[in-house]
Every structure is written in C-alpha cells, then in structure tokens.
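Everything on this sheet refers to the single structure shown next.
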Amino acid sequence: MSLQTPLYDAHRAAGGKIVDFAGWQLPVHYGSLIDEHKAVRKSAGMFDVSHMTVVDFSGSGTNEWLRQMLTNDVNKISVGQAIYGCMCNESGGVIDDLIAYRRGDTDFRIVVNAATRQQDLDWFGQHLPANVQMDTPEGLAMLAIQGPEAVQLCSETLREHIGARGDLDDLQRFGCITLGDWFVARTGYTGEDGVEVVMPASAASDLWASLFAVGIVPAGLGARDTLRLEAGLCLYGNDLDLQHSPIEAGLAWAVDINDTDRQFIGREVLEDQKLFGAPHRQIGLVLDSRGVLRAGQVVEHVGREVGVITSGTFSPTLERSIAMARVTKEIKGGCDVVVRDKPLPATVVPVPFIKNGEATFA
Amino acid sequence: MMDTPGDLRFATSHEWVRVNDDGTLTIGISMHAQEQLGDLVFVEVPETDTTCDAEDAVAVVESVKAASDIYAPVTGTITAVNEALADSPELINSDPYGDGWLFSMEPEDRGAVDSLMDAAEYEEMIQSEE
Numbered sequence: 080m081s082l083q084t085p086l087y088d089a090h091r092a093a094g095g096k097i098v099d100f101a102g103w104q105l106p107v108h109y110g111s112l113i114d115e116h117k118a119v120r121k122s123a124g125m126f127d128v129s130h131m132t133v134v135d136f137s138g139s140g141t142n143e144w145l146r147q148m149l150t151n152d153v154n155k156i157s158v159g160q161a162i163y164g165c166m167c168n169e170s171g172g173v174i175d176d177l178i179a180y181r182r183g184d185t186d187f188r189i190v191v192n193a194a195t196r197q198q199d200l201d202w203f204g205q206h207l208p209a210n211v212q213m214d215t216p217e218g219l220a221m222l223a224i225q226g227p228e229a230v231q232l233c234s235e236t237l238r239e240h241i242g243a244r245g246d247l248d249d250l251q252r253f254g255c256i257t258l259g260d261w262f263v264a265r266t267g268y269t270g271e272d273g274v275e276v277v278m279p280a281s282a283a284s285d286l287w288a289s290l291f292a293v294g295i296v297p298a299g300l301g302a303r304d305t306l307r308l309e310a311g312l313c314l315y316g317n318d319l320d321l322q323h324s325p326i327e328a329g330l331a332w333a334v335d336i337n338d339t340d341r342q343f344i345g346r347e348v349l350e351d352q353k354l355f356g357a358p359h360r361q362i363g364l365v366l367d368s369r370g371v372l373r374a375g376q377v378v379e380h381v382g383r384e385v386g387v388i389t390s391g392t393f394s395p396t397l398e399r400s401i402a403m404a405r406v407t408k409e410i411k412g413g414c415d416v417v418v419r420d421k422p423l424p425a426t427v428v429p430v431p432f433i434k435n436g437e438a439t440f441a
Numbered sequence: 042m043m044d045t046p047g048d049l050r051f052a053t054s055h056e057w058v059r060v061n062d063d064g065t066l067t068i069g070i071s072m073h074a075q076e077q078l079g080d081l082v083f084v085e086v087p088e089t090d091t092t093c094d095a096e097d098a099v100a101v102v103e104s105v106k107a108a109s110d111i112y113a114p115v116t117g118t119i120t121a122v123n124e125a126l127a128d129s130p131e132l133i134n135s136d137p138y139g140d141g142w143l144f145s146m147e148p149e150d151r152g153a154v155d156s157l158m159d160a161a162e163y164e165e166m167i168q169s170e171e
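Those sequence lines, one after another, are chains G and C.
Per my numbering, residue 80 is the first one in the first sequence, and the count goes up by one each step.
Per my numbering, residue 42 is the first one in the second sequence, and the count goes up by one each step.
Following this line, the structure appears as structure tokens:
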C-alpha cells in the first residue's frame with residue numbers, strides 16, 4: 080500500500096507525474112525534469128521530502144552514543160550545526176547515510192532515507208542504551224528549497240508561516256534552528272545553497288502555495304537525482320550498500336578516525352581501509368559520445384572488467400552523461416563502459432562534476 | 042481524444058504513421074510514449090536508403106530514465122531522417138506529431154499500413170494499459 084505525503088494534492092494540482100518511491104506516491108517530475116533541474120541550478124526549486132525518516136534522540140547518553148554509532152564525529156558540531164556521515168555495521172558495510180543535526184548538548188535530530196527506514200530504526204533500537212530516548216515524530220512534512228536564490232526567495236515567506244521572530248538571517252551553511260514546531264536547516268542534496276524545512280503536516284500545503292507564488296519551481300524525484308549526481312552526492316542503494324564501506328564510495332572524508340578513543344561501530348575495518356587501502360575505490364566518469372551511463376553497466380580497462388557503474392545519468396548542466404563507478408584498481412585518463420553491449424570510451428574525472436554551475440574538469 | 046490526431050495510424054509499440062501524399066510514410070512516437078519516456082536527451086535515427094522489415098528496431102530514443110527502441114511499422118526503405126533531432130531531441134517531447142518526427146520511409150506494400158490501429162483503437166489501447 081502506497082503512502083501519500085501531506086502535499087499529494089499539491090503535486091497533482093501542479094501537474095506532477097506520480098510514481099511509487101520507497102512505498103510513497105511522489106512526483107518524478109511536473110512536466111520536464113530538465114527544466115526543473117535547470118531552475119534549481121539557476122534560481123530555486125522545491126522538493127517534497129516528507130517521505131524521509133525523522134528520528135529524534137535525547138537523554139544524557141546521546142552525544143557519546145552517536146559517537147559510537149556514526150562514522151563522523153558529532154563532537155565536531157556545536158548546537159545549531161549539522162554533520163553528514165554514515166552508519167555502519169561491524170564489517171564496515173553501510174546501513175545508511177544521514178545528516179545529524181545538533182539541537183542541544185544531548186539533543187539530536189537525524190534524517191535518514193525512506194527506503195531504509197525499517198533497517199535504520201531496527202538498528203537504532205537494537206543499540207539504544209537506557210540513557211538515550213528515541214522518538215519518531217508523526218504528523219510532519221518536510222520541504223527542501225534549493226538553489227542559489229532559494230534562501231533569498233523563501234526567507235520572508237518562511238518567516239510569515241513560522242510566525243516566530245526566528246533569526247533565519249543568521250542561519251549559516253550546515254546550520255539549523257528550531258522555531259516552535261518548525262525546524263529549518265541550511266542543508267540539501269543538490270550541491271546548491273538552500274534550506275530543508277520540517278513543519279507540522281497541516282502547514283505544508285499553505286507553505287507550498289506561498290512558495291509557488293514567489294516563483295519557486297516544484298521539482299520532482301527525477302531532477303533530485305540528476306542534481307545530486309552532478310554534485311557527486313551518494314544515493315543509498317546505488318553508491319552505498321551493506322556490502323561496501325564508505326571508503327569505497329568516496330566518503331573517507333566522512334569517516335573520522337582522529338580520536339583514537341572513539342570506537343565507533345566498524346572502526347576497525349574502516350581505519351584499516353583508510354590507512355592501507357580498500358578493495359574498491361570510487362571514480363567519476365563522463366561519456367563524450369552520445370548515450371547515457373546507467374547503474375549496473377560494466378567498466379572495462381584495457382579490455383578487462385574492473386568495476387561497475389553505481390549511479391549514472393544524463394547531466395543537464397554538462398549536456399552529456401556522467402556516472403560514479405566502483406572499481407578495483409586505480410584508473411587514470413580513460414576506460415570503457417559497456418552500454419547496451421557496446422564498449423563506449425569514457426573519461427575519468429573528479430567528483431563532484433560541477434561546482435557553482437560549471438564543470439570541475441576541462 | 043484530443044491528444045491523438047485522427048489521421049494517423051498506430052503500432053502497438055507506440056509509433057505513429059502518417060501517409061503522405063506521395064505514398065511515403067512519416068513515423069514518430071506518440072504523445073503518450075514521449076510522456077512515459079520523459080525528457081529525451083539523445084536520438085539515434087537510421088541511415089537513409091537502409092531497408093528494414095516490419096518490427097525491426099531501426100532507431101533509439103534515450104531519455105534520462107531509459108533507452109527505448111523504435112520499430113519500423115512496415116517493411117520498406119528509409120527515405121529521410123529528421124536531422125534536427127541530433128541537436129534538439131526535446132522536439133519529440135514538445136511536438137511529437139509535428140517537428141518531432143523521426144524518419145520517413147517508402148513502404149514495400151502500400152496497403153500494409155491498413156493493418157495498424159487507427160486513432161480510436163490506439164486511444165483505447167493506452168486507456169486499458171493505465
């Protein structure tokens with residue numbers, strides 16, 4: 080049975096083409112994925128992300144517990160800041176990637192993926208000590224407003240709807256603030272500036288309508304994927320899974336081993352990989368010829384299979400296909416990807432593929 | 042019925058066929074097909090003068106989502122291809138029955154087109170698919 084978010088009617092009214100995503104009925108686009116993608120790169124778009132899982136943790140043991148559970152160290156963030164990291168098992172396999180928001184010394188909000196909701200909640204539950212309380216609040220909606228003009232366009236509207244004299248002006252990148260029943264974070268999944276707003280479900284359609292009225296473009300799951308891939312961001316299930324470590328997905332930077340006393344789950348394997356190398360590494364690829372790279376396609380180097388595409392798409396900004404691949408050996412320059420039975424030459428490029436709207440490579 | 046021009050014939054694989062005055066056929070994909078595919082980013086058209094049998098895969102349209110083969114609706118020879126699609130594949134999305142045409146062909150048998158669906162039958166087919 081497919082679930083609907085509080086914005087389902089708004090999506091239909093805006094011409095959203097509804098598909099099933101992780102058990103939720105969500106718009107893949109509202110007419111043109113490419114137009115929506117370009118709107119986010121150029122001005123601002125908004126995504127209904129109410130399907131994602133919000134989990135709140137509190138209690139005296141929370142800070143130390145999260146330092147055990149996550150690959151990145153929450154000691155690095157103060158109140159009103161966020162941090163990205165992974166949650167791994169003892170083998171270093173990824174259970175999920177997530178953002179943790181510090182709301183107090185021992186008070187955190189964590190947003191995890193919709194597709195891994197049960198897996199994540201089970202894992203949290205199995206490891207929860209007596210001095211940490213877990214709450215999965217109901218009755219919420221979440222909207223991501225992203226783009227170089229997002230903050231400028233939505234600030235006034237947000238203030239009106241939140242009805243509190245919150246200091247949204249002071250919200251820095253990766254900052255977060257609680258304003259009554261609302262929660263605003265300057266985070267996102269597009270590589271652009273913007274905010275993600277958690278609100279009571281009853282407030283969602285009014286906010287949507289107001290944001291639409293100031294010119295923020297509804298954007299669907301399709302554009303969400305092309306945007307995040309251009310920005311080099313991982314998608315759980317594609318680039319991340321239980322069988323591979325964060326190191327193998329280009330996320331060594333989100334695995335903090337500086338504090339030798341912090342024995343987080345998976346540390347032993349991940350520390351070893353970080354210091355001495357992992358079975359696989361992540362590379363970025365761009366196809367110069369026509370065609371679209373897609374997850375599952377085989378990567379060959381000098382005629383030998385060396386890996387697989389984990390995420391591939393057409394980049395509307397670069398007007399060619401890009402992909403992230405997991406390979407067993409270091410490849411410089413070029414390789415081939417088998418696309419519909421034909422090996423096509425691809426160039427190895429750095430990830431992310433774009434920054435400030437332009438390619439990071441020649 | 043508004044989406045489906047009444048003068049066209051349709052294949053079950055969602056290609057439309059227009060019979061031109063000179064007996065050649067012009068082929069494209071339907072409004073329904075382009076909607077299902079989403080934004081098209083690459084189109085591979087056949088070479089002129091190639092011959093093909095009915096139901097041969099002769100072209101490919103690729104969207105962000107997936108690649109889709111386009112099939113010759115009848116046996117014949119390719120006489121023209123829409124060169125504009127190389128730079129502007131989105132023409133198929135914006136004008137699938139007009140500027141988004143894919144290729145033209147000379148049918149081996151001028152009557153072959155009659156065994157394809159008419160607009161009403163095609164509409165019925167896509168309704169029943171939903």
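Beta carbons: idealized from backbone N, C-alpha and C, even for Gly.
The structure displayed is predicted, hence computed values, not measured ones.
Q | Short Cβ contact (7 Å threshold) for residue 119/C with residue 81/C | A | Indexing the second sequence from 1 puts residue 119/C at position 78. Indexing the second sequence from 1 puts residue 81/C at position 40. It is not a contact, given that the beta carbons lie outside the stated cut-off.
Q.
Taking the beta carbon of residue 103/G as the centre, do at least 16 other beta carbons fall within 10 Å, making it buried, or is it exposed?
A. Within the first sequence, the letter at position 24 stands for residue 103/G. Buried, since its Cβ has 16 or more Cβ neighbours within 10 Å.
Q) Can you give the Cα-Cα distance for residue 280/G and residue 273/G, rounded to whole angstroms? A) Locating residue 280/G in the first sequence gives position 201, where the first residue counts as 1. Locating residue 273/G in the first sequence gives position 194, where the first residue counts as 1. The alpha-carbon atoms of residue 280/G and residue 273/G are separated by roughly 21 Å.
Q) Per the contact definition of three or more C-beta pairs closer than 8 Å, is the region 404-414 of chain G in contact with the region 384-391 of chain G? A) yes
(Q) Strictly below 7 Å CB to CB, what residues from chain G border residue 79/C? (A) Residue mapping note: residue 79/C aligns to position 38 of the second sequence, counting from 1. Under the 7 Å cutoff, chain G gives 108, 112, 301.
Q. Does DSSP put residue 107/C in a helix, a strand or coil?
A. Position 66 of the second sequence, counted from the start, is the residue given in the question as residue 107/C. DSSP places residue 107/C in coil when its eight states are reduced to three.
Q) Looking only at C-alpha atoms, which of 372/G, 322/G, 214/G sits nearest to residue 364/G? A) Residue mapping note: residue 364/G aligns to position 285 of the first sequence, counting from 1. The candidate whose alpha carbon is nearest that of residue 364/G is 372/G.
**Q.** Chain-ordered residues of the region 103-135 of chain C with a beta carbon less than 9 Å from chain G
**A.** 103, 104, 105, 106, 107, 108, 127, 131, 134
Q.
Tell me the rounded alpha-carbon separation between residue 413/G and residue 337/G.
A. Working through the first sequence from its first residue, we reach residue 413/G at position 334. Working through the first sequence from its first residue, we reach residue 337/G at position 258. Their Cα atoms are separated by approximately 35 Å.
Q: Tell me, please, whether the CB atom of residue 144/C is closer than 7 Å to any CB atom in chain G?
A: For the purposes of this step, residue 144/C is taken as the residue at position 103 of the second sequence. Chain G contact via Cβ: absent.
(Q) Just to confirm the assignment, what range does the beta strand (DSSP E) spanning residue 96/G have? (A) Against the first sequence, residue 96/G aligns to sequence position 17. 96-100 is the extent of the beta strand (DSSP E) around residue 96/G.
**Q.** Sequence-distant residues of its chain with Cβ nearer than 8 Å to residue 400/G (five each side left out)
**A.** Counting from 1 along the first sequence, the entry for residue 400/G is found at position 321. So the list reads 365, 366, 370, 371, 372, 391, 392, 393, 394, once near-sequence residues are dropped.
Q: Drop a sphere of 10 angstroms on the beta-carbon of residue 354/G, count the other beta-carbons inside from all chains shown, and report buried for 16 or more, exposed for fewer.
A: For the purposes of this step, residue 354/G is taken as the residue at position 275 of the first sequence. So residue 354/G counts as exposed.
Q: Below 8 Å on the Cβ atoms is my guess for residue 93/G versus residue 109/G; work out the distance and round it to an integer in Å.
A: Indexing the first sequence from 1 puts residue 93/G at position 14. Indexing the first sequence from 1 puts residue 109/G at position 30. Contact holds; Cβ gap of about 5 Å.
Q. So, is the C-beta of residue 82/C closer than 7 Å to a C-beta in chain G?
A. In the second sequence, residue 82/C corresponds to position 41, counting from 1. It does; some Cβ of chain G falls within 7 Å.
Q) Using the rule of at least 16 other Cβ atoms within 10 Å of the residue's Cβ for burial, across every protein chain shown, is residue 228/G buried or exposed? A) The residue you call residue 228/G lines up with position 149 of the first sequence. Buried, because 16 or more other Cβ atoms sit within 10 Å of the Cβ of residue 228/G.
Q: Compare the C-beta of residue 190/G with all C-beta atoms of chain C and state if any pair is closer than 7 Å.
A: Residue mapping note: residue 190/G aligns to position 111 of the first sequence, counting from 1. With 7 Å as the cut-off, residue 190/G does not count as an interface residue toward chain C.
Q. Where residue 275/G and residue 168/C are concerned, what is the direct C-alpha to C-alpha distance, given to the nearest angstrom?
A. One-based indexing of the first sequence puts residue 275/G at position 196. One-based indexing of the second sequence puts residue 168/C at position 127. The straight-line gap from Cα to Cα measures roughly 39 Å.
Q.
Suppose you measure from the CA of residue 296/G to the CA of residue 288/G; what does that come to, to the nearest Å?
A. Taking the first sequence and counting its residues from 1, the one referred to as residue 296/G is at position 217. Taking the first sequence and counting its residues from 1, the one referred to as residue 288/G is at position 209. Going from the Cα of residue 296/G to the Cα of residue 288/G covers about 11 Å.
Q. Three or more beta-carbon pairs under 8 Å between the region 329-344 of chain G and the region 416-424 of chain G, yes or no?
A. no
Q: Determine the direct distance from the alpha carbon of residue 93/C to that of residue 42/C, and round the result to whole angstroms.
A: Residue 42/C sits at position 1 when you count from the first residue of the second sequence. Residue 93/C sits at position 52 when you count from the first residue of the second sequence. The pLDDT assigned to residue 42/C is 42, lower than 50, so where the model puts this residue is not dependable, and the model offers no usable value.
Q. What is the DSSP secondary structure of residue 269/G, counted as helix, strand or coil?
A. Within the first sequence, residue 269/G is the residue found at index 190, counting from 1. Coil, per DSSP.
Q) Can you tell me whether residue 381/G is buried or exposed, with buried defined as 16 or more other CB within 10 angstroms of its CB? A) Mapped onto the first sequence, residue 381/G falls at position 302. Burial call: exposed.
Q) Using CA coordinates, which residue listed in 171/C, 73/C, 166/C, 149/C is at the minimum distance from residue 113/C? A) As a working note, residue 113/C is residue 72 in the second sequence. Cα-wise, what sits closest to residue 113/C is 149/C.
Q) How is residue 348/G classed by DSSP in three states: helix, strand or coil? A) As a first step, residue 348/G is located in the first sequence; it is residue number 269 there, counting from the start. Helix, per DSSP.
Q: Would you check if the distance between the CB atom of residue 51/C and the CB atom of residue 163/C is smaller than 7 Å?
A: Here residue 51/C is taken as the residue at index 10 of the second sequence, counted from 1. Here residue 163/C is taken as the residue at index 122 of the second sequence, counted from 1. Contact flag set, yes.
**Q.** residue 371/G at chain C interface by Cβ criterion, 7 Å
**A.** Stepping through the first sequence from its first residue, residue 371/G is reached at position 292. Yes, contact with chain C.
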